[in-house]
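For reference, the structure discussed in these notes is given below.
Chains as they are written, first to last, in the numbering used here: chain D, 1146 to 1480; chain V, 1146 to 1480.
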């Protein structure tokens, strides 16, 4: 991970699904009646999105998308960020782009014609804050390789890739090309594996990338780690993957998080939260805090705590974008 | 206010601006630099909406509109409601309609062509929760009289009119026609005067309606009461208007609220709130609670407390639509 390339002008450039979340409180009975798996994310088509939306209660529309949430959080903590994703030329697309640009995050991919609308994620929030996500990818699934700006990717310390985006063909090709651009420029590549279903669908691909040394930083939760390692035991999975990755960061919900950096293990507890309202974005914001510390050269223990602070903020309210000043929260917690 | 008409099948039918709020935290310095009056509402045109949105931070899109907020809250407390307003055939229009219909609120006005988009209110939320509103009316200003369904209006115990909508020509004509329909059917007419600037712009009109006995229930805050009465003293203004109205309900922010019903005065304290996040919709939700009690024949003191409970809920989070189960909150507070 020695950086011998020219001084970076960006800290993080992320490629991810450009989505607006539609968040609505829902009792667990509704989630069961709709045949959904509580806590999971599933892809849905346009018809199902219309039907499910019609059954949902009143919503709040808040920009989302896993990697988008991460750069939103990291930018709030002082990281210089850019985002690559595909919106349509419609109102939700304008909302998504506005919400990134208003935080100083570079976003230059032109909107696509609105024949396929901007993607959205219908998020059902249970009374205990657990979220069940139903994603209509819309325009996001058509992100073309031509959307990449090699000079921009080469200018960022870290290229962050969203596992969810591995599913559709065009964005996957774009992300593979982006990895090549980042590595050629001597930059780091971070992968958030996003969800167990992503890993099951692309196990060989993810494993090959890791085995080939294409990934410098991997973000996963405990279930994803186990699925990726193909081992039942958490500690065994941790050891197996840590051996192949310069930096492995694993979140464990209320149990905190673990980082293994060049073989050395660090742990952090979860930050206390008064009342969990909505867990949407908890993992994304953990990554945001971690990366914001990492790109500023902070020690691993600090990066973990920054991740914990950012994750705790975002689960205290609806939506996956931070409401409170994360920089101030980090300063108050870490000094 | 004796109701000799056929049994009502609706409790409240409201006519108001169909708006989606775009809520964003903003320091008071930003509000000052933009030349805005903290705490006020002003109308803006499409160009100014684009410019101001471009300067605002990341937002949350949540359905709004004063009368829309009131029926959303009243429906949550068990009132049977309908809403009349104009959206465009666009994504924000779909959001607005969905959020009402998903609460069982009848909404039958067809969307207008999207050449003029659905209206939105850019809400800047100060650190102390005060909101400064900038409304681009969009399609809402073109609500035509033909959108009224006389049978539907005649079927509701209370017709609620939004003062903000007095400004544009077509909706004003529609509301005047609706008053005639409601009165012909022996129903009550409630007016929320919305804002001091509405009163200043339409003082003669509002006064004539009140003097003619066209208004049964008036909702105002203390400043609006003073502007409407044209008197400097709050108590004098209260007495002057109470003499002309069967029911006058005046909210006073943290000081609670007063109702004068057929000359008898009732007061309620504000409900305690842990942390004021965003005062958008406080008055609208007070009206919601009051009317939900009123249409169910509850005593004035109960109606006031229901208003206070609903208002306290909505200022505890972003957005003017309730998040918590208001019916349960009312039951817990009033029994």
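In this text, a Cβ means the ideal position worked out from N, Cα and C, and glycines have one as well.
- request: State the DSSP-derived secondary structure class of residue 1410 of chain D, mapped to helix, strand or coil.
  value: Counting from 1 along the first chain, the entry for residue 1410 of chain D is found at position 265. In this structure, residue 1410 of chain D counts as strand in the three-state DSSP scheme.
- request: Determine the DSSP secondary structure at residue 1214 of chain D, reduced to helix, strand or coil.
  value: Counting from one through the first chain, the residue named residue 1214 of chain D turns up at place 69. In this structure, residue 1214 of chain D counts as helix in the three-state DSSP scheme.
- request: Please list the residues of the stretch 1175 to 1201 of chain V that have a C-beta atom closer than 7 Å to any C-beta atom in chain D, keeping them in chain order.
  value: 1198 and 1201
message: Determine, for residue 1243 of chain D, whether the minimum Cβ-Cβ distance to residues of chain V falls below 8 Å.
response: To locate residue 1243 of chain D, count along the first chain from 1; it is residue 98. It does: the Cβ of residue 1243 of chain D has a partner Cβ on chain V nearer than 8 Å.
- prompt: Around the C-beta of residue 1273 of chain V, are 16 or more other C-beta atoms found within 10 angstroms, so that it is buried, or is it exposed?
  reply: Taking the second chain and counting its residues from 1, the one referred to as residue 1273 of chain V is at position 128. That one is exposed.
message: In the DSSP output, which residue or residues are listed as bridge partners for residue 1364 of chain D?
response: Numbered from its first residue, the first chain carries residue 1364 of chain D at position 219. DSSP lists D:1337 and D:1394 as partners of residue 1364 of chain D.
- prompt: Cβ of residue 1164 of chain D less than 8 Å from any chain V Cβ?
  reply: Numbered from 1 along the first chain, position 19 holds the residue referred to as residue 1164 of chain D. False, the Cβ-Cβ gap to chain V never drops below 8 Å.
query: Beta-carbon of residue 1275 of chain D versus every beta-carbon of chain V: anything under 8 Å?
result: Position 130 of the first chain, counting from 1, holds the residue named residue 1275 of chain D. False, the Cβ-Cβ gap to chain V never drops below 8 Å.
task: Mind listing, in chain order, the continuous beta strand (DSSP E) runs of no fewer than 3 residues lying wholly within the stretch 1298 to 1336 of chain V?
output: 1301 to 1307
field: Close Cβ partners of residue 1477 of chain V (< 6 Å) along its chain, the five nearest in sequence each way excluded
entry: To locate residue 1477 of chain V, count along the second chain from 1; it is residue 332. If we look at residue 1477 of chain V and ignore the five residues flanking it on each side, it has no Cβ neighbours.
query: Which bits of chain B does residue 1466 of chain V rub up against, with CB to CB less than 9 Å?
result: You won't find chain B in this structure, because its protein chains are D and V.
message: Rounded to whole angstroms, what is the Cα-Cα separation between residue 1146 of chain V and residue 1242 of chain V?
response: By 1-based counting over the second chain, the position of residue 1146 of chain V is 1. By 1-based counting over the second chain, the position of residue 1242 of chain V is 97. Residue placement at residue 1146 of chain V is flagged as unreliable, the pLDDT there being 49, under the threshold of 50; the coordinate-derived value follows with that caveat. Distance between the alpha carbons of residue 1146 of chain V and residue 1242 of chain V: 32 Å.
message: Distance cutoff 8 Å, beta carbons only. Does residue 1248 of chain V sit that close to anything in chain D?
response: Counting from 1 along the second chain, the entry for residue 1248 of chain V is found at position 103. Interface residue, yes.
- request: Measure the C-alpha to C-alpha separation of residue 1185 of chain V and residue 1277 of chain V and round it to an integer number of angstroms.
  value: On the second chain, position 40 is the one that residue 1185 of chain V refers to. On the second chain, position 132 is the one that residue 1277 of chain V refers to. If I take the Cα positions, the gap works out to 5 Å.
- request: With a threshold of 16 other CB atoms inside 10 Å of the CB of residue 1442 of chain V, please say whether the residue is buried or exposed.
  value: For this step, residue 1442 of chain V is matched to residue 297 along the second chain. Counting Cβ neighbours within 10 Å, residue 1442 of chain V comes out exposed, since fewer than 16 surround it.
- prompt: Going by C-alpha distance, which of V:1452, V:1231, V:1173 and V:1426 is nearest residue 1339 of chain V?
  reply: Locating residue 1339 of chain V in the second chain gives position 194, where the first residue counts as 1. The residue with the shortest Cα to Cα distance from residue 1339 of chain V is V:1426.
- prompt: Can a CB atom of chain D be found closer than 8 Å to the CB of residue 1312 of chain V?
  reply: Locating residue 1312 of chain V in the second chain gives position 167, counting from the first residue. False, the Cβ-Cβ gap to chain D never drops below 8 Å.
query: Can you find at least 3 beta carbon pairs, one from the stretch 1260 to 1275 of chain V and one from the stretch 1298 to 1312 of chain V, that sit closer than 8 Å?
result: no
query: With 16 as the cutoff for other CB atoms within 10 Å, does residue 1329 of chain D come out buried or exposed?
result: In the first chain, counting from the first residue as 1, residue 1329 of chain D sits at position 184. Residue 1329 of chain D is exposed by the Cβ-count criterion.
field: Buried versus exposed, by CB contacts within 10 Å (16 or more), residue 1348 of chain V
entry: In the second chain, the residue the question calls residue 1348 of chain V occupies position 203. It counts as exposed.
query: Roughly how many whole angstroms lie between the Cα atoms of residue 1167 of chain D and residue 1198 of chain D?
result: Residue mapping note: residue 1167 of chain D aligns to position 22 of the first chain, counting from 1. Residue mapping note: residue 1198 of chain D aligns to position 53 of the first chain, counting from 1. For residue 1167 of chain D and residue 1198 of chain D, the distance between alpha carbons rounds to 9 Å.
- request: Taking residue 1208 of chain D as the query, report the chain V residues whose CB atoms sit under 7 Å from its CB, ordered along the chain.
  value: Taking the first residue of the first chain as 1, we reach residue 1208 of chain D at position 63. Result: 1203.
message: Given this structure, state the Cα-to-Cα distance separating residue 1422 of chain V from residue 1356 of chain D, to the nearest angstrom.
response: For the purposes of this step, residue 1422 of chain V is identified with residue 277 of the second chain, where counting begins at 1. For the purposes of this step, residue 1356 of chain D is identified with residue 211 of the first chain, where counting begins at 1. One C-alpha to the other measures close to 49 Å.
message: Would the stretch 1155 to 1170 of chain V count as touching the stretch 1226 to 1239 of chain V if we require 3 or more Cβ pairs under 8 Å?
response: yes
- request: Specify, as a first and last residue, the run of the beta strand (DSSP E) that residue 1443 of chain V falls within.
  value: Against the second chain, residue 1443 of chain V aligns to sequence position 298. Element bounds for residue 1443 of chain V: n/a, residue is neither H nor E.
query: Excluding sequence positions up to five away, which residues of its chain have a Cβ less than 6 Å from the Cβ of residue 1435 of chain D?
result: Within the first chain, the letter at position 290 stands for residue 1435 of chain D. For residue 1435 of chain D, where only same-chain residues beyond five positions count, the Cβ hits under 6 Å are 1394, 1448 and 1452.
field: Own chain, CB closer than 6 Å to residue 1403 of chain D, minus 5 neighbours either side, in chain order
entry: The sequence position of residue 1403 of chain D within the first chain is 258, counting from 1. Result list for residue 1403 of chain D: 1395 and 1412, in chain order.
- request: Taking only heavy atoms of the ligand ATP into account, decide whether any of them is closer than 7 Å to the Cβ of residue 1427 of chain V.
  value: The model on display carries no ligand, and the ligand ATP is accordingly not part of it.
Same chain, Cβ closer than 6 Å to residue 1405 of chain D, five either side skipped, listed in chain order: The residue labelled residue 1405 of chain D in the question sits at position 260 within the first chain. Excluding residues within five positions, the ones whose Cβ falls inside 6 Å are 1387 and 1393.
field: Contact between the stretch 1216 to 1223 of chain V and the stretch 1462 to 1477 of chain V (3+ Cβ pairs under 8 Å)
entry: yes
- request: Taking residue 1341 of chain D as the query, report the chain V residues whose CB atoms sit under 9 Å from its CB, ordered along the chain.
  value: As a working note, residue 1341 of chain D is residue 196 in the first chain. Residues of chain V passing the Cβ test: none, with the nearest at roughly 30 Å.
task: Identify, in the order they occur along the chain, each residue of the same chain with its Cβ nearer than 8 Å to the Cβ of residue 1315 of chain V, setting aside the five sequence neighbours on each side.
output: Stepping through the second chain from its first residue, residue 1315 of chain V is reached at position 170. Once the five neighbours on either side are set aside, the close Cβ partners of residue 1315 of chain V are 1286, 1287, 1288, 1289 and 1290.
query: How would you call residue 1151 of chain D, buried or exposed, if buried means at least 16 neighbouring beta carbons within 10 angstroms?
result: Stepping through the first chain from its first residue, residue 1151 of chain D is reached at position 6. The residue is exposed, with fewer than 16 neighbouring Cβ atoms inside 10 Å.
Span of the beta strand (DSSP E), counted from its first residue to its last, around residue 1206 of chain V: Position 61 of the second chain, counted from the start, is the residue given in the question as residue 1206 of chain V. First-last of the beta strand (DSSP E) with residue 1206 of chain V: 1205 to 1208.
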